[in-house]
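Asker:
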Amino acid sequence: MEEPELCALTQYYWCVRYAPPKPGAIRFLKETPMRLLLAACLCLLPSSLLADEGIRLFILSGQSNMVGLKPEVSFTPAVKDAYAGEEVVVVKNASGGKPIRLWYKDWKAPEGKATAAFVPGSLYDSLMKDVNAATAGKKIKSVVFVWMQGERDAREGLASVYSASMQGLIKQLRTDLKREDIPVVIGRLSDYQNGEKNWDDLRAAQAEAADADPLTVLVDTDDLNGPKDGLHYNQEGYKEMGSRFAQAAITLLNQEKK
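The sequence shown begins at 1 in UniProt numbering and counts up by one.
1) Serine 190 to glycine 96, Cα distance in whole Å?
2) On the CB-based measure, 16 or more other CB atoms within 10 Å of its CB, does glutamate 151 come out buried or exposed?
3) To the nearest angstrom, report how far apart lysine 80 and lysine 228 are at their CA atoms.
4) Let me know the secondary structure DSSP gives leucine 231 once reduced to three states.
5) DSSP three-state label for valine 119, please.
6) Could you check if residue 259 is buried or exposed, using at least 16 other CB atoms within 10 Å of its CB as the buried criterion?
7) So who's on the other strand from tryptophan 147, going by DSSP bridges?
8) Based on the DSSP secondary-structure assignment, which residues constitute the bridge partners of asparagine 93?
9) So what's serine 74 in DSSP terms, helix, strand or just coil?
10) Starting from leucine 215, follow the alpha helix (DSSP H) in both directions and report where the run begins and ends.
11) According to DSSP, what are the bridge partners of arginine 152?
12) Give the single residue among Thr216, Met166, Asn234 whose Cα lies nearest to the Cα of lysine 108.
13) Report the three-state DSSP secondary structure of lysine 113 (helix, strand or coil).
14) By the three-class DSSP mapping on this structure, what secondary structure does arginine 56 have?
15) What span of residues does the alpha helix (DSSP H) with tyrosine 162 cover, start to end?
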């Protein structure tokens with residue numbers, strides 16, 4: 001009896017071929033005495049031979065209100081449900097009270113404006129270290145960047161350069177990951193200090209950055225900070241924020257398919 005050879009008919013269907021090939025030489029597993037052994041071997045194949053096109057990567061970063069977000073409560077379950085059967089990787093790296101220049105390496109201050117000394121891009125490097133560790137050896141199918149930041153820049157009166165900085169940060173990330181198709185979700189500053197010029201200007205700058213990029217959306221958070229319109233949110237506020245961010249990310253990814 002000829003030795004059987006495992007062969008693939010398609011990505012999902014396997015058979016046993018008996019050499020030399022001839023009409024009727026392809027016999028499905030149920031016809032062979034080795035079916036149990038080969039079936040057991042095939043059970044080990046899906047993670048390698050039957051893998052999909054790669055992981056779904058979601059990168060979350062920003063300052064204190066991103067620190068307060070627990071992805072596992074609402075964000076991660078929502079995206080995992082949307083991409084059931086696929087590998088979903090969520091990376092969060094956030095730091096409270098920090099301006100955007102700690103992420104954007106080419107940040108420039110407004111002319112004549114003195115600012116606190118920070119190393120431009122230092123938090124971005126920390127973020128990318130986490131991203132690289134989480135994706136090592138993995139093919140990436142899609143990436144979404146979720147951003148919740150801006151309070152510090154508003155307080156420093158830096159709204160005039162915020163839109164350009166946000167657009168620069170998006171370009172920086174797309175360049176480093178070698179993907180021009182990265183959608184971006186920006187959480188808008190809440191109504192904590194609505195009516196205060198620097199705060200209002202920063203919110204407007206966020207909207208400008210979102211409008212400038214067809215793959216970027218702005219998510220409203222005005223109702224998440226409680227009846228007293230606090231700077232930070234309560235537990236339910238963060239849960240809802242995670243849900244909104246997830247839905248925005250899913251919507252953007254679905255739009256890419258069209």
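By construction, the Cβ of each residue, glycine as well, lies at the ideal position given by its N, Cα and C atoms. All figures in this text were calculated on a predicted structure; none of them were measured in a lab.
Answerer: Reading from the atomic positions:
1) Numbered from its first residue, the sequence shown carries residue 190 at position 190. Numbered from its first residue, the sequence shown carries residue 96 at position 96. Cα to Cα, serine 190 sits roughly 16 Å from glycine 96.
2) Counting from 1 along the sequence shown, the entry for residue 151 is found at position 151. Classification of glutamate 151: buried, given that the 10 Å Cβ count is 16 or more.
3) The residue given as residue 80 occupies position 80 in the sequence shown. The residue given as residue 228 occupies position 228 in the sequence shown. Distance between the alpha carbons of lysine 80 and lysine 228: 34 Å.
4) Position 231 of the sequence shown, counting from 1, holds the residue named residue 231. Leucine 231 sits in coil when the DSSP states are folded into three classes, being neither helix nor strand.
5) Your numbering for residue 119 matches position 119 in the sequence shown. Here valine 119 carries a coil assignment [DSSP, helix/strand/coil].
6) Residue numbering for the chain in the displayed model covers 1 to 258; residue 259 lies beyond these limits and cannot be assessed.
7) Indexing the sequence shown from 1 puts residue 147 at position 147. DSSP lists Ser61, Ile186 as the bridge partner or partners of tryptophan 147.
8) As a working note, residue 93 is residue 93 in the sequence shown. Note: asparagine 93 is bridge-paired with Ser61 in the DSSP secondary-structure output.
9) Here the question's residue 74 lines up with position 74 in the sequence shown. Coil, per DSSP.
10) For the purposes of this step, residue 215 is identified with residue 215 of the sequence shown, where counting begins at 1. Looking at the DSSP string, leucine 215 is not in any alpha helix (DSSP H), and its letter there is neither H nor E.
11) Stepping through the sequence shown from its first residue, residue 152 is reached at position 152. DSSP lists no partner for arginine 152.
12) One-based indexing of the sequence shown puts residue 108 at position 108. Of the listed residues, the one whose Cα sits closest to lysine 108 is Met166.
13) Taking the first residue of the sequence shown as position 1, residue 113 is located at position 113. Looking at lysine 113 - three-state DSSP - the assignment turns out to be coil, as it is neither helix nor strand.
14) The residue labelled residue 56 in the question sits at position 56 within the sequence shown. Correct three-state label for arginine 56: strand.
15) On the sequence shown, residue 162 is found 162 positions in, with the first residue counted as 1. That run of the alpha helix (DSSP H) goes 162 to 176.
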